[in-house]
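What follows is a set of notes on a single structure, which appears directly below.
Number of protein chains: 2
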Amino acid sequence: MKIKLISFDVWGTLLNLDLMITSFINSLNELIGEDASIGVMEVRERIKELRRKFELKPGKDFESSQELLAEKLNTEIDVIKRAAAKATLKIDESIVIGGADQVLRFVEENGLKSIIIGNVMFWPSSYTRLILERFGLAEYIGRQYYSDEVEAYKPMKEIFLKPLSEFGMNPSEAVHVGDSFFEDFQGALNAGLHAVLISRRSKPEILHERGFVIEDIRELITLLKREF
Amino acid sequence: MKIKLISFDVWGTLLNLDLMITSFINSLNELIGEDASIGVMEVRERIKELRRKFELKPGKDFESSQELLAEKLNTEIDVIKRAAAKATLKIDESIVIGGADQVLRFVEENGLKSIIIGNVMFWPSSYTRLILERFGLAEYIGRQYYSDEVEAYKPMKEIFLKPLSEFGMNPSEAVHVGDSFFEDFQGALNAGLHAVLISRRSKPEILHERGFVIEDIRELITLLKREF
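Chains as they are written, first to last, in our numbering: chain Z, 27 to 254; chain W, 27 to 254.
Okay, here's the thing in structure tokens:
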């Protein structure tokens with residue numbers, strides 16, 4: 027394989043975002059005594075829009091999301107933080123997307139490095155690290171890069187290039203895998219990496235000389251064998 | 027009571043620091059395959075010394091502790107972060123110091139506000155929040171102020187005065203309770219608050235017109251009834 031490094035998005039790629047968001051909304055509902063779901067979804071769309079336009083302050087996207095949500099729900103940031111803790115405590119192993127461990131094991135067995143490049147919203151990256159540790163995925167992963175610890179977020183080039191510079195690799199030696207068209211796929215392609223989009227909406231086909239689409243993370247194994 | 031606000035230190039006061047440090051060291055030992063205990067203790071003493079001399083950069087004390095420890099153990103920061111996650115996952119309810127819930131309940135029943143003012147080292151405040159949530163203490167606590175989220179650490183005056191200014195209170199309307207002589211007791215007294223030191227080494231006595239020493243957190247109930 028000419029590829030040396032596989033970078034994974036976390037939420038929606040290795041871990042089930044819908045389950046976590048549901049757990050987070052249920053925790054908020056308990057704490058504030060009313061339905062938080064519309065507020066959460068509106069703030070989520072807003073943050074994603076600001077990222078797409080590069081209008082969020084690097085290193086502050088996580089804090090902005092908690093502040094915007096507290097404002098939207100007319101509550102305190104401490105309540106948002108309590109809901110994040112409660113959500114993290116409530117989830118179980120169904121949070122791991124089917125095939126994620128198998129893919130990480132394949133990558134390790136083939137002598138490739140696995141890293142995480144993740145954006146952070148509503149709950150800190152420390153909780154994502156805890157969940158990856160709890161369900162046994164962390165042991166397959168080398169370094170983890172998150173937007174609340176690195177001064178950059180996806181789709182900014184910087185967050186894709188930082189690990190490459192640390193490992194002394196060229197962008198063409200890495201492939202980034204994720205489920206967001208703008209943040210993962212476009213971001214990685216713009217930074218010069220190969221990119222794999224996981225999407226049930228598009229048919230598997232080559233979209234770009236460095237870009238591929240698969241429907242399920244398990245297909246990454248076949249793709250890696252065939253293309254890299 | 028003339029007191030309106032009780033501020034608690036967390037580690038050593040509400041939660042058992044020795045158990046958490048042991049869990050953290052055991053997790054490090056597993057990950058690096060050698061004994062990390064001396065390194066952890068040396069970095070801990072160094073950080074405490076830097077805080078005492080106000081030589082740590084406010085808002086960066088937590089990151090400095092992880093960086094110094096990674097350097098001392100000749101490992102990567104991601105390994106330190108994994109050990110912090112593992113330690114948080116491993117602890118059980120024995121982490122709650124006997125009487126802590128009873129004291130928090132007493133404070134709530136008497137119409138006083140409880141807050142946390144905590145320094146952060148090795149694991150982020152988000153893990154402390156998670157533990158307080160998991161073992162049922164968070165529901166008695168209003169806002170939580172930690173040195174990795176606020177641009178100040180104990181014994182700096184600013185971290186004691188920030189909540190007071192948010193609540194529109196005078197320092198004399200608050201008492202801070204903690205187990206560190208420099209960070210909690212001296213820090214709170216210097217900021218003009220009342221202070222209670224929990225220490226098995228000193229006998230209970232009045233040390234300062236605003237300072238008291240108790241041996242066990244349960245004695246806070248009697249002290250609050252008698253003095254405030």
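All C-beta atoms, glycine included, are put in the ideal place defined by N, C-alpha and C.
Since the model is a prediction, treat every value here as computed from it, not as a measurement.
Problem set entry | Collapsed DSSP secondary structure at Gly213 of chain Z in the structure displayed | Here residue 213 of chain Z corresponds to residue number 187 of the first sequence, with the count starting at 1. DSSP places Gly213 of chain Z in helix when its eight states are reduced to three.
For this session: Indicate whether at least one CB of chain W lies closer than 9 Å to the CB of Ala178 of chain Z.
Result: The sequence position of residue 178 of chain Z within the first sequence is 152, counting from 1. Judged by the 9 Å Cβ criterion, Ala178 of chain Z is not in contact with chain W.
Problem set entry | Given 8 Å, three or more beta-carbon pairs between the segment 196-203 of chain Z and the segment 159-170 of chain Z | no
Problem set entry | Whether Leu57 of chain Z touches Thr101 of chain Z by CB criterion (9 Å) | Residue mapping note: residue 57 of chain Z aligns to position 31 of the first sequence, counting from 1. Residue mapping note: residue 101 of chain Z aligns to position 75 of the first sequence, counting from 1. It is a contact, given that the beta carbons lie within the stated cut-off.
Problem set entry | Check whether Ile157 of chain Z and Ile185 of chain Z have beta carbons under 9 Å apart | Here residue 157 of chain Z refers to the residue found at position 131 of the first sequence. Here residue 185 of chain Z refers to the residue found at position 159 of the first sequence. Not closer than 9 Å, so no.
Exercise. Count the other CB atoms within 10 Å of the CB of Gly137 of chain W; is the residue buried (16 or more) or exposed (fewer)?
Worked result: Position 111 of the second sequence, counted from the start, is the residue given in the question as residue 137 of chain W. Burial call: exposed.
Exercise. When you check each C-beta in the segment 95-118 of chain Z against every C-beta of chain W, which residues fall closer than 8 Å?
Worked result: Glu102, Asp104, Lys107, Arg108, Ala110, Ala111, Lys112, Thr114, Leu115
For this session: Note the first and the last residue of the continuous alpha helix (DSSP H) segment covering Leu94 of chain W.
Result: For the purposes of this step, residue 94 of chain W is identified with residue 68 of the second sequence, where counting begins at 1. Unbroken alpha helix (DSSP H) run through Leu94 of chain W: 87-98.
For this session: Provide the residue(s) that pair with Leu31 of chain Z in DSSP beta bridges, ordered along the chain.
Result: Within the first sequence, residue 31 of chain Z is the residue found at index 5, counting from 1. The partner list for Leu31 of chain Z (beta bridge, DSSP) reads Z:Lys139, Z:Ala200.
Exercise. What residues in its chain sit with their C-beta under 8 Å from that of Ile247 of chain W, if we drop five residues either side in the sequence?
Worked result: Stepping through the second sequence from its first residue, residue 247 of chain W is reached at position 221. Only Gln128, Val129, Phe132 meet the Cβ criterion.
Exercise. Can we count Gly213 of chain Z as close to the ligand MN, meaning its CB is less than 8 Å from some heavy atom?
Worked result: Annotation note on the ligand MN: not contained in the displayed structure, which lists no ligands.
Exercise. Ser152 of chain Z versus chain W: which residues are under 7 Å apart at the beta carbon?
Worked result: Here the question's residue 152 of chain Z lines up with position 126 in the first sequence. Going along chain W in sequence order, the residues near Ser152 of chain Z (Cβ under 7 Å) are Pro150, Ser152, Tyr153.
Exercise. Gln170 of chain W versus chain Z: which residues are under 8 Å apart at the beta carbon?
Worked result: Within the second sequence, residue 170 of chain W is the residue found at index 144, counting from 1. Asp104, Lys107, listed in chain order.
Exercise. Mapping DSSP to helix, strand and coil, what is Ala113 of chain Z?
Worked result: The residue labelled residue 113 of chain Z in the question sits at position 87 within the first sequence. Three-state result, Ala113 of chain Z: helix.
For this session: Assign Lys83 of chain Z to buried or exposed, taking buried as 16 or more other Cβ atoms, counted over all protein chains shown, within 10 Å of its Cβ.
Result: Sequence index remark: in the first sequence, residue 83 of chain Z carries index 57 (1-based). Lys83 of chain Z comes out exposed.
Exercise. What is the rounded straight-line gap between the Cα of Ser63 of chain W and the Cα of Gly65 of chain Z?
Worked result: The residue given as residue 63 of chain W occupies position 37 in the second sequence. The residue given as residue 65 of chain Z occupies position 39 in the first sequence. Distance between the alpha carbons of Ser63 of chain W and Gly65 of chain Z: 46 Å.
Problem set entry | 9 Å Cβ cutoff met for Ile29 of chain W and His220 of chain W | Locating residue 29 of chain W in the second sequence gives position 3, counting from the first residue. Locating residue 220 of chain W in the second sequence gives position 194, counting from the first residue. Yes; because the gap between Cβ atoms is below 9 Å, this pair is in contact.
Exercise. What is the DSSP secondary structure of Ile224 of chain Z, reduced to helix, strand or coil?
Worked result: Numbered from its first residue, the first sequence carries residue 224 of chain Z at position 198. Ile224 of chain Z: strand per DSSP, three-state reduction.
Exercise. Should the segment 203-216 of chain Z be called in touch with the segment 30-49 of chain Z, which here means at least 3 C-beta pairs below 8 Å?
Worked result: yes
Exercise. Hey, how far is the Cα of Ile103 of chain Z from the Cα of Arg160 of chain W?
Worked result: Working through the first sequence from its first residue, we reach residue 103 of chain Z at position 77. Working through the second sequence from its first residue, we reach residue 160 of chain W at position 134. Rounded to whole angstroms, Ile103 of chain Z to Arg160 of chain W spans 19 Å at the Cα level.
For this session: Answer yes or no: does any C-beta atom of chain W fall closer than 9 Å to that of Glu134 of chain Z?
Result: Along the first sequence, one-based indexing puts residue 134 of chain Z at 108. Chain W, which has no Cβ nearer than 9 Å to the Cβ of Glu134 of chain Z, makes this no.
Problem set entry | Contacting residues, own chain, Cβ-Cβ under 7 Å from Gly125 of chain W (five flanking each side not counted) | Residue 125 of chain W sits at position 99 when you count from the first residue of the second sequence. Result list for Gly125 of chain W: Asp242, Ile243, Arg244, in chain order.
For this session: Please determine, among Z:Ile32, Z:Lys79, Z:Ala109, the residue with the shortest C-alpha to C-alpha distance to Asn55 of chain Z.
Result: As a first step, residue 55 of chain Z is located in the first sequence; it is residue number 29 there, counting from the start. For the residues Z:Ile32, Z:Lys79, Z:Ala109, the minimum Cα distance to Asn55 of chain Z belongs to Z:Ala109.
For this session: Quick one: give me the first and last residue of the beta strand (DSSP E) that Asp239 of chain W is part of.
Result: Taking the second sequence and counting its residues from 1, the one referred to as residue 239 of chain W is at position 213. In the sequence under discussion, the amino acid at residue 239 of chain W is Val, which differs from the Asp named in the question. Unbroken beta strand (DSSP E) run through Val239 of chain W: 237-240.
Exercise. Under 9 Å between C-beta atoms, does Leu45 of chain Z make it to chain W?
Worked result: The residue given as residue 45 of chain Z occupies position 19 in the first sequence. Not closer than 9 Å to any Cβ of chain W, the Cβ of Leu45 of chain Z fails to qualify, so no.
Problem set entry | Top-ranked residue by Cα proximity to Arg227 of chain W, from W:Ile240, W:Ala217, W:Ser173, W:Leu215 | Taking the second sequence and counting its residues from 1, the one referred to as residue 227 of chain W is at position 201. The shortest C-alpha separation from Arg227 of chain W is found at W:Ile240.
Problem set entry | Cross-strand partners of Gly144 of chain Z (DSSP beta bridge) | Your numbering for residue 144 of chain Z matches position 118 in the first sequence. For Gly144 of chain Z, which the question treats as bridged, DSSP gives the partners Z:Tyr172.
For this session: Quick one: measure Cβ to Cβ for Ser53 of chain W and Ile73 of chain W, integer angstroms, because I've assumed they're closer than 8 Å.
Result: On the second sequence, position 27 is the one that residue 53 of chain W refers to. On the second sequence, position 47 is the one that residue 73 of chain W refers to. Not confirmed; about 19 Å, so no contact.
Problem set entry | Gly144 of chain W, buried or exposed, once every other Cβ within 10 Å from all chains shown has been counted against 16 | Here residue 144 of chain W refers to the residue found at position 118 of the second sequence. Flag for Gly144 of chain W reads buried.
Exercise. Going straight from the alpha carbon of Arg155 of chain Z to that of Asp174 of chain Z, what length do you get?
Worked result: Working through the first sequence from its first residue, we reach residue 155 of chain Z at position 129. Working through the first sequence from its first residue, we reach residue 174 of chain Z at position 148. If I take the Cα positions, the gap works out to 12 Å.
Exercise. Gly218 of chain Z and Arg236 of chain Z: beta carbons closer than 9 Å?
Worked result: Here residue 218 of chain Z refers to the residue found at position 192 of the first sequence. Here residue 236 of chain Z refers to the residue found at position 210 of the first sequence. Yes; because the gap between Cβ atoms is below 9 Å, this pair is in contact.
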